[in-house]
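*Asks:*
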Amino acid sequence: MTQGKFRYRPALLMAATLSLAGCLALPQASFMLGRLALQSMGVENVRIGRWAVPIDALTLEPTALARAGLDMAGMPVSLELPLSLTPPDAAPDINLTGYAWQLVVPGAEPVSGDVDEPIALRGGEPATLRLPVDLFPETSIREGAPYNQKLLALAQRLANQQQLPAGSTLSLTPRLDSDMARLIPAPTITLDISGPAEQTSAPGLPTLPNKAVAPIEDTTSPPAPPTNRPQPSEM
0 MTQGKFRYRP ALLMAATLSL AGCLALPQAS FMLGRLALQS MGVENVRIGR WAVPIDALTL
60 EPTALARAGL DMAGMPVSLE LPLSLTPPDA APDINLTGYA WQLVVPGAEP VSGDVDEPIA
120 LRGGEPATLR LPVDLFPETS IREGAPYNQK LLALAQRLAN QQQLPAGSTL SLTPRLDSDM
180 ARLIPAPTIT LDISGPAEQT SAPGLPTLPN KAVAPIEDTT SPPAPPTNRP QPSEM
């Protein structure tokens, strides 16, 4: 009977070792997700409906496009964002089931979405993503000449620069499988575009831009200036 007890000890020891290894790998995977480097590699395939916006487009005339049969009422500027997602060199391998994203571009309405695409992350190796985006000009009316002009201006800027304009912010939240998602909180990685060749990637929750606050007017009246009273003359 005693030998039967000892017979199960190696199996129990092996199970405990595997369980401990899994518990140790969870914090390492969480640390890796918090240090993912997100980089934008430009803007591609800028188009309005079926019409591809040329890269060297200097002026786009709404009347000429209307004569060509392009109705721009309610249409967005469609584009693709190639992205690079790179984990740290010593990070363990991990598989994502997709990601949620948010994009803010100056002059356009904020957009967001969710991509169901498996992504294999390997330490130090960049994983390339292609994010399809539809941008609408920042206006309440999506038809008429004012909308067409804003739509063409947005498309022209994206096609000519071939990258997100300065002031753009892209936030990406990786999505884990159901078992791991219950144990590891997935961070949100925010990419700020500050210039033509300047972009910074940082983990954490996306922050909204600070709203301008009007200065508070001082309604109190200034103190009255001191009056110079004449001094009595010496007798």
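No gaps in the numbering here: position 24 of the sequence shown is 23 in numbering that gives the first Met the number 0, and each next residue is one more. Heads up, the beta-carbon is just placed ideally off N, CA and C, and yes, glycines get one too. Predicted model, so just to flag it, every value in this text is computed and none were measured.
DSSP on Gln101, reduced to helix/strand/coil?
*Replies:* Along the sequence shown, one-based indexing puts residue 101 at 102. If DSSP states are grouped into helix, strand and coil, Gln101 belongs with the strands.
*Asks:* Is Ala89 buried or exposed, if buried means 16 or more other CB atoms sit within 10 Å of its CB?
*Replies:* Looking up residue 89 in the sequence shown gives position 90. Classification for Ala89: exposed.
*Asks:* Taking the continuous alpha helix (DSSP H) assigned at Arg156, which residues delimit it?
*Replies:* As a working mapping, residue 156 is identified with position 157 in the sequence shown. 143-160 is the span of the alpha helix (DSSP H), which, as asked, contains Arg156.
*Asks:* Report the residue from Leu80, Leu151, Arg46 whose alpha carbon sits nearest the alpha carbon of Thr168.
*Replies:* For the purposes of this step, residue 168 is taken as residue 169 along the sequence shown, with counting starting at 1. If we check each option's Cα against that of Thr168, Leu80 comes out closest.
*Asks:* When DSSP labels each residue in this structure, what does Asp115 get in the three-state scheme?
*Replies:* Stepping through the sequence shown from its first residue, residue 115 is reached at position 116. DSSP places Asp115 in coil when its eight states are reduced to three.
*Asks:* For Leu37, which of Lys149, Arg129, Asn147, Val45 has the nearest alpha-carbon?
*Replies:* As a first step, residue 37 must be located in the sequence shown, where it is residue number 38. Among Lys149, Arg129, Asn147, Val45, the Cα nearest to that of Leu37 belongs to Arg129.
*Asks:* Just verifying my parser: in three-state terms, what is the DSSP assignment at Ala191?
*Replies:* Translated into positions along the sequence shown, residue 191 becomes position 192. The sequence shown places Asp at residue 191, not Ala. Of the three classes helix, strand and coil, the one that applies to Asp191 here is strand, per DSSP.
*Asks:* Do three or more CB pairs link the stretch 154-162 to the stretch 93-101 at distances below 8 Å?
*Replies:* no
*Asks:* For the stretch 41-52 against the stretch 100-120, are there 3 or more C-beta pairs whose distance is under 8 Å?
*Replies:* no
*Asks:* Roughly how many angstroms separate the alpha carbons of Leu151 and Asp191, rounded to a whole number?
*Replies:* Along the sequence shown, one-based indexing puts residue 151 at 152. Along the sequence shown, one-based indexing puts residue 191 at 192. Approximately 24 Å between the Cα atoms of the pair.
*Asks:* For Asp88, name the three-state secondary structure that DSSP assigns.
*Replies:* In the sequence shown, counting from the first residue as 1, residue 88 sits at position 89. Shown here, Asp88 sits in coil according to DSSP, grouped into three states, outside any helix or strand.
*Asks:* So Ala126 is in the beta strand (DSSP E); what residue range does that whole segment cover?
*Replies:* One-based indexing of the sequence shown puts residue 126 at position 127. Segment 126-134, the beta strand (DSSP E) holding Ala126.
*Asks:* Taking 8 Å as the threshold (C-beta atoms), are Asn94 and Ala119 in contact?
*Replies:* Along the sequence shown, read from residue 1 onward, the residue named residue 119 stands at position 120. Along the sequence shown, read from residue 1 onward, the residue named residue 94 stands at position 95. Yes. Within cutoff.
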